[in-house]
Amino acid sequence: MFEQFFHKPFWITLAFLAGFFGISVMTFQTSFVLALLFVTGVLIFVLTWKRLDLGVTVAFAELFANSHGHLLSTSFGGFSLSLRMVVFLSVLSAWFFLCITKKVSFSFRDKRFIPFIPLIVAAFLGLGIGFLRNNPVKVFQDGNAYFYLAYLLPVLSVSWNGEKKRVLLQVLTASATWVGIMTLGLLFIFTHFPEWVLGHVYTFIRDTRTGELTKMTGNLFRIFLQAQLSVVLIGFLLIPFFWMKKMIGKERLWMMGMLGFFLSVLVISLSRSFWVGAATGGFVFLFCLFRYHKPNSLREVGSKLGMIIGAGFFSIILLVGIILFPYPYRIGSTSAFSSLFSSRATDVSDVAVSSRWKLLPAMWNHIEEHPIFGNGFGQEVEFQTDDPRVRAFSPDGTWRTYALEWGWLELWLKMGILGPLAFLFLFGNLVYGLRPYVSGRIQPSWMGIGFLSGLVAVYAMHIFSPYLNHPLGLGFLIFLVPFLVSQPTLIKETDSEKEKTIAASFGNPQPSFPMREESL
11 MFEQFFHKPF WITLAFLAGF FGISVMTFQT SFVLALLFVT GVLIFVLTWK
61 RLDLGVTVAF AELFANSHGH LLSTSFGGFS LSLRMVVFLS VLSAWFFLCI
111 TKKVSFSFRD KRFIPFIPLI VAAFLGLGIG FLRNNPVKVF QDGNAYFYLA
161 YLLPVLSVSW NGEKKRVLLQ VLTASATWVG IMTLGLLFIF THFPEWVLGH
211 VYTFIRDTRT GELTKMTGNL FRIFLQAQLS VVLIGFLLIP FFWMKKMIGK
261 ERLWMMGMLG FFLSVLVISL SRSFWVGAAT GGFVFLFCLF RYHKPNSLRE
311 VGSKLGMIIG AGFFSIILLV GIILFPYPYR IGSTSAFSSL FSSRATDVSD
361 VAVSSRWKLL PAMWNHIEEH PIFGNGFGQE VEFQTDDPRV RAFSPDGTWR
411 TYALEWGWLE LWLKMGILGP LAFLFLFGNL VYGLRPYVSG RIQPSWMGIG
461 FLSGLVAVYA MHIFSPYLNH PLGLGFLIFL VPFLVSQPTL IKETDSEKEK
511 TIAASFGNPQ PSFPMREESL
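Numbering (this note's numbering), first residue to last: 11 to 530.
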């Protein structure tokens, strides 16, 4: 039943992520990092040369499990070299040599590539104008995330059959699971260990840019990892899978436990952007479900809702259990946890919110200067912030930065009007490619609904927090490409024609039997 998510590739990926994290902890700020990066790069190059699809899955595993890709990072020739850069260079180099030796092929006429063209043009426009007007170093630092679009080349060079797609799903699941383990593990550490231990852990998490640990009320910490986006995405896949499958006994308990586990991560992240994305994606899920797959009875609806509510209760029990666990000694309390969550959910006047609103008029001023072609990457905006870290050295709160909130406005500010329009054009094409799954004309429907809900969630989150111009968001858009239906020939089909369409979409050109959902 759960082989789509939890099978051999899942466990292998999870083991490697845990092992690599352990290596990072042991070699943190040592002279071994450069050698490890070199060895890692060589191994990934060889793996990609042997199996291009496996090289791509390694890149996705690193992306969805690590917020900024600096789990291993060092200075080389005055340049900061990170694990994500090494993976990128290794996979793309191997792909390039595979192309020139004609072992793989790529066509710019691929229908799945065309929707990305406006975005690629907008990114080059932002880079070009940025280098003309702004500091070149800041232009590169600001716009280098769009180089991640180069992964389209190897992704479109792979023939993604059903088995390879299932590996992708399990890699996403393993990455989200590892992010969940890290999140809850950090919660345990920061509620049960002395300050001298916390100092070392905090330094590691900060310097590897794994996440943000913020002390809140009652000695509790907010555990926010940017990679928790993968938890949102896998949640939107598990819920429709759970809803559209008949489960009994242990299967229901297992699914409820996994949903509760992932939900607990979103709760302790205290990220309003995640909550907005979850709510928006949840609305899309319900719309698709009742539009295309109406439940058989109210009793069925009640049963499924009851299990989801049960998963919510389990998430709270899990968090409280971690906080109140008595060994080695306990710092937090249930009252502190309750006030922490309620204040975060209702307080609209905290530092982050007020600073974001003060940023808004300053961004508009720059947009009005160059509304068509934009100001280019590296464009800084000056505004006043209430962040105490800034006011410590700037008493009036004046702050100038190119790393901005209000994601859609940032696209407009730096890439001109083409930036947001390109993302909207891509959104429409991705929805079009997923719609046959959503409507049930191609199976599995749960996957189409899950991906569509996740896609809408990411676009909604980008309103407040810039995810689409981050490798995590861009990577998810590329991750969807192997699952898209690129041939719009899905009008009315006979049963035999539908079987061929289903099989073709999963990479099996000569099926002898209808493909089951489990063959994903």
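We put the beta carbon where it would ideally sit given N, CA and C, even for glycine.
Are residue 54 and residue 68 touching if we call contact CB-CB under 8 Å?
-> yes
So residue 136 packs on residue 425, CB below 8 Å; how close in whole Å? 4 Å
Nearest CA to the CA of residue 95: which residue from 109, 158 and 412? 158
- Task: Following the continuous beta strand (DSSP E) through residue 409, name the residue where it begins and the one where it ends.
- Result: 408 to 411
| query | Where are the alpha helix (DSSP H) runs, 4 residues long or more, that stay fully inside the segment 276 to 336, in chain order? | reply | 282 to 302 and 308 to 334
What is the rounded straight-line gap between the Cα of residue 396 and the Cα of residue 411?
15 Å
Which same chain residues end up closer than 8 Å to residue 275 when comparing Cβ atoms and leaving out the 5 residues on each side of it in sequence? 189, 190, 193, 194, 238 and 241
Enumerate, from N- to C-terminal direction, the unbroken alpha helix (DSSP H) stretches of 4 or more residues contained entirely within the segment 191 to 256.
-> 205 to 217 and 239 to 254
Notebook entry, point to check: Does DSSP classify residue 392 as helix, strand or coil?
Noted result: strand
Quiz item: To which residues of the same chain is residue 125 closer than 6 Å at the C-beta, ignoring the five residues directly before and after it?
Solution: 436 and 439
Pairing CB atoms from the segment 57 to 66 with CB atoms from the segment 102 to 121, are three or more of them under 8 Å? yes
**Asked** Closest to residue 490 by CA distance: which of 122, 38 and 213 is it?
**Response** 122
Checklist entry - Can you name, in chain order, every residue of its own chain whose Cβ lies under 6 Å from the Cβ of residue 109, other than the five neighbours on each side? => result none
Notebook entry, point to check: Do three or more CB pairs link the segment 144 to 152 to the segment 383 to 394 at distances below 8 Å?
Noted result: yes
Thinking residue 459 and residue 295 are a contact (beta carbons under 8 Å), I'd like their distance in whole angstroms, please.
6 Å
**Message:** For residue 271 and residue 116, what's the separation of their Cα atoms in angstroms?
**Reply:** 40 Å
For residue 84, which beta-bridge partners are listed by DSSP?
91
request  = Go ahead and pull the three-state DSSP assignment for residue 121.
outcome  = coil
Taking the alpha-carbon of residue 153 as reference, which of 164, 139 and 165 has the nearest alpha-carbon? 139
Output the distance between the C-alpha atoms of residue 175 and residue 161, rounded to the nearest integer angstrom.
16 Å
Residue from 20, 34 and 164 with nearest C-alpha to residue 80
34
Compute the Euclidean distance between the alpha carbons of residue 134 and residue 428, then round it to the nearest angstrom. 11 Å
> What do you get for residue 281, buried or exposed, if any count of 16 or more other CB atoms within 10 angstroms of its CB means buried?
Replying inline: buried
**Study point:** 8 Å CB neighbourhood of residue 45 in its chain, flanking five on each side removed
**Key:** none
- Counting pairs of beta carbons, one from the segment 163 to 174 and one from the segment 217 to 237, are three or more of them closer than 8 Å? no
*The alpha helix (DSSP H) spanning residue 458 covers which residue range?*
455 to 471
Using CA atoms only, rank isn't needed, just tell me which of 311, 220, 129 and 421 is closest to residue 83. 220
query: Are three or more beta carbon pairs between the segment 307 to 326 and the segment 177 to 188 nearer than 8 Å?
result: no
Original post:
The alpha helix (DSSP H) with residue 19 in it runs from where to where?
Top reply: 18 to 37
Exercise for the section: Output yes or no for whether 8 Å exceeds the beta carbon distance between residue 62 and residue 164. Expected result: yes
Check whether the Cβ atoms of residue 444 and residue 433 sit closer than 8 Å, and answer yes or no.
no
Review point. Which first and last residues belong to the alpha helix (DSSP H) in which residue 152 is found?
Key: 146 to 153
Review point. Which residue's Cα is closest to the Cα of residue 218: 43, 250, 243 and 149?
Key: 43
Using 8 Å for Cβ pairs, my map puts residue 290 next to residue 466. What's the rounded Cβ distance? 6 Å
Q: With residue 405 as the anchor, note down where its alpha helix (DSSP H) starts and where it stops.
A: Run containing residue 405: none; DSSP gives neither H nor E here.
Residue environment, residue 243, which counts as buried when at least 16 other CB atoms sit within 10 Å: buried
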